[in-house]
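Asks:
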Amino acid sequence: MHHILLPTDFSENAMHAARYAARLMGVDGTAYTLLHTYLDADPTVTSWAGMAEELYKAAMEGMKEWEERIRGMEEFRGAAIQAEVLYGPLPAMLTDLGEERDADLVVMGTLGHTGAGILGSNAVAVVKQGRLPVVVVPGKARTGPVGRILFADDQRGLAQADMGMLLHLARRHRSEVLLAHVLRNKEEVPDPEVIAAFDTLLGGIPHRFIAEEGKDVAAVIDLLADKEGADMTAVLHRHSGFLEGLFRVSTAKRLALHTDLPLLVLREDGGKGEERA
């Protein structure tokens, strides 16, 4: 049984992400929790007395309508769905709710309700601060099968728990996994021990190794994903090192948002992405 968290700001971008999540994970053996968070106006502004109550009322009304829309979608027919409205910042509320519900994955859109900017601040915060694997869904992402997943390999090795959600998706969609390594120079050779470990980890999942030289990791990964016809890119979020720059706004914009490809962000400790019966 998998449990998916679907944060929403009631925007069409969030609706698209929800639809993508249903097609990505299905409804058999999968439960969904819809989550909307809100914050009070500045409490130091006395003229806003009573604003908290109004914000809560608006949030509850918005969620009621949102839940009705989700339940009415063909993709969610027969799904186990719950809805929550919580007070607090989204990343912290996702962490708390994720622990409470034993969640496995967060799926969210890239743009906020206003559409301002390319990467919404909530998406950046959840990717950088969250503890669960996250799929960030661009507004133009296709909702069809995930035939090919490109994983950005930093040649530092990883555990099966780290790759749990990627393995689940690859098996569910019968995807080919492309292990893409960005070479620092022409003389660099991928570590044969790391390659052998991936062969063991992926087992019967179709996979192959690809490499390209370049200094800008995000740009090279984006190029390879387009060249190979990938349907999703995936990266392992480490606290420091090779992939750290992917989660700064400047490069994340290009990698996850200037393309139409969803981005799966895995956690180094595995989050809750391990395989389940």
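Counting with our numbering, you get residues 1448 to 1724 for the letters of the sequence shown.
Backbone N, C-alpha and C define an ideal beta-carbon position, used for all residues, glycine too.
So, at 7 Å on beta carbons, what are the nonlocal neighbours of ARG1618 in its own chain, with the 5 sequence-adjacent residues on each side left out?
Replies: Here residue 1618 corresponds to residue number 171 of the sequence shown, with the count starting at 1. Only ILE1652 meet the Cβ criterion.
Asks: Measuring alpha carbon to alpha carbon, tell me which residue in ASP1646, HIS1615, LEU1533, GLU1515 is nearest GLU1500.
Replies: Position 53 of the sequence shown, counted from the first residue, corresponds to residue 1500. Checked all of ASP1646, HIS1615, LEU1533, GLU1515; the closest Cα to GLU1500 is LEU1533.
Asks: In whole angstroms, what is the alpha-carbon distance linking LEU1544 and VAL1581?
Replies: Stepping through the sequence shown from its first residue, residue 1544 is reached at position 97. Stepping through the sequence shown from its first residue, residue 1581 is reached at position 134. Roughly 14 Å separates the two Cα atoms.
Asks: In terms of residues, what are the limits of the alpha helix (DSSP H) holding ALA1677?
Replies: For this step, residue 1677 is matched to residue 230 along the sequence shown. Element bounds for ALA1677: n/a, residue is neither H nor E.
Asks: Less than 8 Å separating the beta-carbons of THR1557 and GLY1591?
Replies: Start at 1 with the first residue of the sequence shown, and residue 1557 comes out as number 110. Start at 1 with the first residue of the sequence shown, and residue 1591 comes out as number 144. Contact: no.
Asks: Does the segment 1478 to 1487 come close enough to the segment 1453 to 1462 that 3 or more CB-CB pairs lie under 8 Å?
Replies: Result yes; three or more Cβ-Cβ pairs closer than 8 Å.
Asks: Where DSSP assigns a beta bridge to GLN1529, which residues make up the other side?
Replies: Within the sequence shown, numbered from 1, the residue matching residue 1529 stands at position 82. The partner list for GLN1529 (beta bridge, DSSP) reads THR1480.
Asks: Could you name each continuous alpha helix (DSSP H) segment of 4 residues or more that falls completely within the segment 1574 to 1640, going from the start of the chain to the end?
Replies: As far as the segment 1574 to 1640 is concerned, its whole alpha helix (DSSP H) runs of at least 4 residues are 1611 to 1620.
Asks: Where does ARG1714 land, buried or exposed, given buried means 16+ other C-beta within 10 angstroms?
Replies: By 1-based counting over the sequence shown, the position of residue 1714 is 267. Buried, because 16 or more other Cβ atoms sit within 10 Å of the Cβ of ARG1714.
Asks: Is the segment 1662 to 1679 close to the segment 1604 to 1612, with three or more CB pairs under 8 Å?
Replies: Segments in contact, no.
Asks: Looking at PRO1678: is its Cβ nearer than 8 Å to the Cβ of VAL1574?
Replies: The sequence position of residue 1678 within the sequence shown is 231, counting from 1. The sequence position of residue 1574 within the sequence shown is 127, counting from 1. It is Asp, not Pro, that sits at residue 1678 in the sequence shown. No. Outside cutoff.
Asks: Taking the straight line between their C-alpha atoms, what separation do you get for ASP1549 and ILE1517?
Replies: Sequence index remark: in the sequence shown, residue 1549 carries index 102 (1-based). Sequence index remark: in the sequence shown, residue 1517 carries index 70 (1-based). For ASP1549 and ILE1517, the distance between alpha carbons rounds to 22 Å.
Asks: Of the choices GLU1531, GLU1522, ARG1524, whose alpha-carbon is the least far from that of GLU1512?
Replies: Stepping through the sequence shown from its first residue, residue 1512 is reached at position 65. Checking every option, the nearest Cα to that of GLU1512 belongs to GLU1531.
Asks: By Cβ distance below 8 Å, which residues in the same chain neighbour ARG1451 in space, the five residues on each side in sequence not counted?
Replies: Working through the sequence shown from its first residue, we reach residue 1451 at position 4. Here residue 1451 turns out to be Ile, not Arg, going by the sequence shown. Same-chain partners within the cutoff: ALA1468, MET1472, THR1477, ALA1478, TYR1479, THR1480, ALA1550, ASP1551, LEU1552, VAL1553, VAL1554.
Asks: According to DSSP, is MET1520 helix, strand or coil?
Replies: Residue mapping note: residue 1520 aligns to position 73 of the sequence shown, counting from 1. Of the three classes helix, strand and coil, the one that applies to MET1520 here is coil, per DSSP.
Asks: Could you compute how far the alpha carbon of ALA1643 sits from the alpha carbon of GLU1514?
Replies: The sequence position of residue 1643 within the sequence shown is 196, counting from 1. The sequence position of residue 1514 within the sequence shown is 67, counting from 1. Going from the Cα of ALA1643 to the Cα of GLU1514 covers about 46 Å.
Asks: Go ahead and pull the three-state DSSP assignment for MET1510.
Replies: One-based indexing of the sequence shown puts residue 1510 at position 63. If DSSP states are grouped into helix, strand and coil, MET1510 belongs with the helices.
Asks: Can the beta-carbon of ILE1657 be found closer than 8 Å to that of ALA1608?
Replies: Residue mapping note: residue 1657 aligns to position 210 of the sequence shown, counting from 1. Residue mapping note: residue 1608 aligns to position 161 of the sequence shown, counting from 1. No; because the gap between Cβ atoms is not below 8 Å, this pair is not in contact.
Asks: Whose C-beta lies closer than 6 Å to the C-beta of PHE1523 among residues of the same chain, with five residues either side of it excluded?
Replies: Position 76 of the sequence shown, counted from the first residue, corresponds to residue 1523. Answer for PHE1523: ALA1469, ILE1517, listed in chain order.
Asks: Can ALA1530 be considered in contact with the ligand COA, in the sense that its beta carbon sits closer than 7 Å to one or more heavy atoms?
Replies: Among the ligands in the structure shown, none appear at all, so the ligand COA cannot be discussed.
Asks: For the beta strand (DSSP E) that contains PRO1454, what are its first and last residues?
Replies: Against the sequence shown, residue 1454 aligns to sequence position 7. Counting along the chain, the beta strand (DSSP E) containing PRO1454 begins and ends at 1449 to 1454.
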